[in-house]
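One structure below.
Numbering (the working numbering), first residue to last: 438 to 565.
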């Protein structure tokens with residue numbers, strides 16, 4: 438969402454530049470992440486090289502994971518949506534395992550309702 442050269446300036450971010458099956462949830466999580474990035478409550482890597490390496494690693498994985506997809510051209514997380522959301526939530530310090538029990542975590546699918554209240558959770562975390 439943030440090009441490496443802007444990671445320390447914290448003055449530019451792009452939301453929604455990806456393919457996802459859960460775009461409304463992705464938009465909300467990205468909005469919280471970008472807000473945290475701009476208000477400096479989100480830690481960023483020390484070096485631009487570390488950011489570039491991470492981006493390259495993700496791009497290569499996307500290309501190899503789905504060779505018939507678009508991972509070599511742009512962010513294509515259609516089949517990696519939940520891990521992507523998990524990473525953003527972990528970056529924010531929010532709970533990424535959203536189910537009430539371990540049994541539900543393993544055996545019930547995730548849906549939009551599992552992500553209800555994220556903004557309230559973020560506000561509570563910021564107050565703590």
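Just so you know, even glycine gets a beta-carbon here, dropped at the ideal spot from N, CA and C. For clarity, every value in this text was computed on a predicted model and none was experimentally measured.
Status (buried if at least 16 other CB within 10 Å, exposed otherwise) for residue i
{"i": "residue 457", "result": "buried"}
{"i": "residue 517", "result": "buried"}
{"i": "residue 494", "result": "exposed"}
{"i": "residue 559", "result": "buried"}
{"i": "residue 459", "result": "buried"}
Residues near residue i by beta carbon distance below 8 Å, same chain, minus five either side
{"i": "residue 479", "result": "470, 473, 528, 529"}
Rounded distance between the beta-carbons of residue j and residue i, thought under 8 Å
{"i": "residue 440", "j": "residue 449", "result": "7 Å"}
{"i": "residue 498", "j": "residue 519", "result": "The pair is not a contact, with the Cβ atoms about 15 Å apart (cut-off 8 Å)."}
{"i": "residue 549", "j": "residue 482", "result": "That belief does not hold up - the Cβ atoms of residue 549 and residue 482 are roughly 31 Å apart, past 8 Å."}
Beta-carbon contacts of residue i that lie in its chain and below 6 Å, excluding the five residues immediately before and after
{"i": "residue 466", "result": "522, 525"}
{"i": "residue 534", "result": "542"}
{"i": "residue 551", "result": "535"}
Other residues of its chain near residue i: CB distance less than 7 Å, five sequence neighbours each side excluded
{"i": "residue 464", "result": "452, 453"}
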